[in-house]
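Let me begin by presenting the structure, written as structure tokens, before commenting on it.
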Amino acid sequence: MTTEPTKRVTFPQARGLALGATSLIHHADPQANSDDLVDAAWDAGIRYFDTAPMYGGGASEKLFGPSLTRYPREEYVLSSKVGRLVREGEPVLEHEDALWRYDFSADGIRRSVDASLARLGVDRLDIAYIHDPDRFYDQASTESYAALQELRAEGVIGAIGVGITQAPMLARFLREIELDAALLAGRFSLVDSEALDEVIPLVREQGVTLSIASTLHAGLVDGKDSGHFHYQPTPPEIVERVAAIHALSERYGVPIGAVAIQYVLGYPEVDMILTGVADRGQLNQNLSWASWEIPTELWAELDASGLVSAPIPTTLLHP
């Protein structure tokens with residue numbers, strides 16, 4: 001029997017699917033769409049909402065804020081990120097992003113949190129993630145972390161996390177500093193099990209709240225392949241594996257998207273999957289997949305097939 005890990009910081013209202021704000025700005029009427037999307041998420045029971053200054057240079061926070069202010073603040077979990085400051089008209093150097101710049105200094109962390117709170121129209125964040133600090137580990141693990149500890153002590157943030165796309169680097173953070181939460185994108189799915197090497201064992205051992213993003217790999221897994229996997233052309237063997245999993249799922253009348261989402265959520269160490277959907281229709285599709293009834297026979301056959309590079313969790317094989 002699999003037991004639930006004991007968490008350092010608990011968010012009982014936030015389990016299962018969560019709503020990420022990565023795609024909010026890509027709409028003809030972004031505020032109306034944001035309002036509609038948050039309403040749909042709320043009606044479906046979603047209580048965890050994630051954003052970042054990087055998304056549209058603060059635009060997603062400005063959209064999310066008014067959408068969420070219509071709901072009781074104590075009833076949902078809100079996270080944003082630090083390590084990137086939205087530009088306020090300063091010169092842009094060669095190879096820099098036009099909308100934001102990196103800043104993992106203590107002052108930069110405080111400025112980032114203050115600006116996020118202002119854009120969101122709230123007085124606290126439940127989780128502040130250090131955002132993609134791969135190239136800045138030394139500063140992020142000391143100066144950024146210390147600043148977040150102070151903000152947590154002041155009640156401005158509730159939990160400290162790291163949000164990242166590299167599993168080994170996340171594992172290093174987990175080993176060397178005490179985190180409350182972690183967000184890993186693209187490294188735990190039907191076709192990438194890198195998180196199981198170190199991250200999942202560390203998360204379980206330490207009681208860290210874990211969210212997984214990019215479970216569908218920008219459409220690769222559910223039939224809308226962008227042609228890229230981890231920002232590189234999709235390897236032929238990955239395309240072939242997805243096609244084989246799709247065929248197996250179809251024989252049971254189950255969408256591969258349902259298999260992809262429930263596979264990850266089947267691991268007790270995973271608290272939430274962030275869905276970076278663009279509108280209500282995409283959200284409803286994800287919600288349908290998350291609740292789809294999948295026969296244990298499918299999981300058993302998939303487990304025996306070798307198509308998934310990690311074991312099917314026992315919670316799915318023996319519910």
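Taking the UniProt record's numbering, the leading residue of the sequence shown gets 1, the next gets one more, and so forth. Don't be surprised by glycine CBs; every beta carbon is placed ideally from N, CA and C.
Simplified DSSP assignment, three categories, for residue i
i           : result
W299        : helix
M54         : coil
S264        : In the sequence as displayed, the identity of residue 264 is Val instead of Ser. Looking at V264 - three-state DSSP - the assignment turns out to be helix.
T314        : helix
R84         : strand
V270        : coil
F11         : coil
L78         : strand
V259        : helix
residue 373 : An answer regarding residue 373 cannot be provided, because it is not within the stretch 1 to 319 covered by the chain.
E240        : helix
H26         : coil
E250        : helix
S305        : helix
I245        : helix
P319        : coil
T6          : coil
Distance cut-off 6 Å: residue i Cβ against heavy atoms of the ligand SAM
i    : result
R111 : Because no ligand of any kind appears in the structure shown, any question about the ligand SAM cannot be addressed here.
Residue i: first and last residue of the uninterrupted alpha helix (DSSP H) it sits in
i    : result
W289 : 280 to 291
D39  : 30 to 43
E96  : Careful: E96 lies outside any alpha helix (DSSP H) and carries neither H nor E.
S67  : 59 to 68
Residues sharing a beta bridge with residue i, DSSP
i    : result
F229 : Q232
T275 : L19
Y48  : V77
I160 : A128
N- and C-terminal bounds of the beta strand (DSSP E) containing residue i
i    : result
A18  : 16 to 20
R101 : 100 to 102
Contact belief for residue i with residue j at Cβ below 8 Å, rounded distance in angstroms
i    : j    : result
Y129 : G163 : 4 Å
G207 : T6   : 5 Å
L210 : D134 : Incorrect: roughly 18 Å between the Cβ atoms, too far for contact.
L17  : T215 : About 10 Å; that fails the 8 Å criterion.
A195 : A167 : 5 Å
V113 : V82  : 6 Å
R119 : G58  : 5 Å
I261 : I273 : 6 Å
D197 : V9   : Wrong, their Cβ atoms sit about 24 Å apart, outside the cutoff.
S116 : P66  : So it is not a contact: roughly 15 Å between Cβ atoms.
I177 : E269 : Incorrect: roughly 19 Å between the Cβ atoms, too far for contact.
W241 : L302 : It should be noted that the sequence gives Arg, not Trp, for residue 241. Contact flag wrong, Cβ pair sits at about 11 Å.
V191 : I256 : Wrong, their Cβ atoms sit about 11 Å apart, outside the cutoff.
Taking only runs of the alpha helix (DSSP H) that begin and end inside the segment 165 to 226, which ones reach a length of at least 4 residues, in chain order? Here the runs fully enclosed are 167 to 176, 199 to 206.
Uninterrupted beta strand (DSSP E) stretches inside the segment 116 to 155 (no shorter than 3 residues): Fully enclosed beta strand (DSSP E) runs of 3 or longer: 125 to 131.
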